[in-house]
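Below is one structure, written out as structure tokens, with a few remarks after it.
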Amino acid sequence: MAGFRALAPVDLDVVPYPAVTVALDLGDPPLAVDDATGHRAHGSVVVGLAPGSVRGHGSAITCLQLRLAPPVAHRILGASSELGGTVVGLDELWGSDAARTEERLRAADSWDERFAIAEAALVRRYTDGRPVDPEVAFAWDQLITHRGAVRIERIATEIGWSRKRLWSRFHAQTGLGPKHAARLVRFDDAAHRLAAGHSAARVAADTGYTDQSHLHRDIRTFTGTTPSTLATAPWLTVDPTAWPATRPDDDRP
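Residue numbers for the sequence shown follow UniProt numbering, beginning at 1 and rising by one.
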């Protein structure tokens, strides 16, 4: 989780990320988020995986943002299909618990206290939440470990499921099919390498794309932009500070 405060007006595109994003809105006026269909949500929101064009904006923003691995999000949020390409209000998933959590966060005196409140809420809901298939959790971990460069058939064989069963259960609990999820994980790796200053040609070669055109097509699919535009996206600029890399072999800043 990370805390964000911007006193100046904010208007930025959200770059798709291989995690479900929860923004707990603490500002006034409330945060506004537009999705690819033109629907606008206000206040605390959940941004699912690969939602297409999503834009967050407000005259000033204060929010506590969470990133949840999809199997964890399925359990904590009580959501499944909503974890795919959608943006929904947190109250649609948590009901009155969303308002109670927001109220406690707003009354807190420090970010550390807010983090503790949010963590307690997550633990409580995780304990009481929907069960997650361990096979689905394993499949997701494999996609992350291999940065999307792993065959779905291999994962299915390892867990003893058919490819059809893996697709069905994975989609039911993450909102995406495993192949689409693998593309998203690989795209995220490529996006951060571009933001780190690597050329599109090198990024395509290092992240398993067939060629540079293949990389361009995925960037267009996930963001509607070009590699040069994606490389300077504000959403990615703040990423290494708010969400520091944890893999020792990662060459991101």
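Note that CB positions come from ideal geometry on N, CA and C, so glycine has one too. Source: prediction; values computed, not measured.
For residue i, which residues of its own chain have a beta-carbon under 6 Å away from its beta-carbon, when the five flanking residues on both sides are left out?
i: Ala-177; result: According to the sequence shown, residue 177 is Gly rather than Ala. Same-chain partners within the cutoff: Trp-167 and His-171.
i: Ala-66; result: Before going on, a small fix: residue 66 reads as Leu here, not Ala. The residues are Met-1 and Val-22.
i: Arg-104; result: Ile-117
i: Thr-174; result: Pro-70 and Leu-83
i: Ala-36; result: Gly-52 and Ser-53
i: Arg-169; result: Asp-133 and Val-136
i: Ala-79; result: Leu-93
i: Asp-91; result: Ala-98
i: Ala-242; result: Ala-2
i: Arg-114; result: Leu-64, Leu-105 and Ala-108
DSSP three-state call for residue i: helix, strand or coil?
i: residue 271; result: Nothing in the structure corresponds to residue 271, since the chain is present only between 1 and 253.
i: Thr-226; result: coil
i: Leu-66; result: strand
i: His-146; result: coil
i: Thr-21; result: strand
i: Leu-12; result: strand
i: His-57; result: strand
i: Arg-5; result: strand
i: Val-33; result: strand
i: Arg-203; result: Residue identity check: residue 203 is Val in the sequence provided, not Arg. Here Val-203 sits in helix by DSSP.
i: Val-238; result: coil
i: Val-88; result: strand
i: Trp-243; result: coil
i: Val-185; result: helix
i: Val-47; result: strand
i: Arg-220; result: helix
i: Leu-93; result: helix
i: Tyr-126; result: helix
Report the option in the options whose CA atom is closest to the CA atom of residue i.
i: Leu-26; options: Cys-63, Val-14, Val-54 and Ala-50; result: Cys-63
i: Val-123; options: Ser-59, Arg-147 and Thr-101; result: Thr-101
i: residue 274; options: Ser-213, Leu-236, Arg-75 and Ala-139; result: What the structure shows of the chain is the stretch from 1 to 253, and residue 274 is not part of that stretch, so it cannot be assessed.
i: Ala-98; options: Leu-24, Ala-8, Ser-199 and Ala-242; result: Leu-24
i: Tyr-17; options: Val-47, His-216 and Tyr-126; result: Val-47
i: Thr-145; options: Pro-234, Gly-56 and Ala-182; result: Ala-182
i: Leu-12; options: Gly-208, Asp-34 and His-74; result: Asp-34
i: Gly-128; options: Ala-73, Ser-110 and Val-20; result: Looking at the sequence shown, residue 128 is not Gly but Asp. When only C-alpha atoms are compared, the closest one is Ala-73.
i: Phe-222; options: Thr-157, Ala-201, Pro-244 and His-180; result: His-180
Please list, in chain order, all residues of the same chain as residue i whose beta carbon is under 8 Å from its beta carbon, the five residues on each side excluded.
i: Glu-153; result: Arg-163
i: Ile-219; result: Phe-187, Ala-190, Ala-191, Thr-225, Thr-226, Pro-227 and Leu-230
i: Val-232; result: Checking the sequence shown, residue 232 turns out to be Thr, not Val. Closer than 8 Å at Cβ, skipping near neighbours: Ala-195.
i: Pro-131; result: Arg-75
State the CB to CB distance for the pair residue i and residue j, rounded to an integer number of angstroms; the pair is presumed to be in contact (CB under 8 Å).
i: Ala-107; j: Ala-60; result: No, Ala-107 and Ala-60 are not in contact; Cβ-Cβ is about 19 Å, not under 8 Å.
i: Asp-211; j: Arg-193; result: 16 Å between Cβ atoms; not a contact.
i: Val-185; j: Arg-147; result: 6 Å
i: Val-10; j: His-57; result: 6 Å
i: Gly-85; j: Ala-50; result: 5 Å
i: Ala-149; j: Gly-197; result: Wrong, their Cβ atoms sit about 22 Å apart, outside the cutoff.
If I measure Cβ to Cβ from residue i and keep anything under 7 Å in the same chain, skipping five residues before and after, which residues do I get?
i: Arg-125; result: Ile-76
i: Pro-29; result: Gly-58 and Ser-59
Consider the C-beta atom of residue i and the heavy atoms of the ligand ADP; say whether any pair is separated by less than 7 Å.
i: Val-136; result: The model on display carries no ligand, and the ligand ADP is accordingly not part of it.
With three or more beta-carbon pairs closer than 8 Å as the criterion, would you say the stretch 119-133 touches the stretch 36-50?
no
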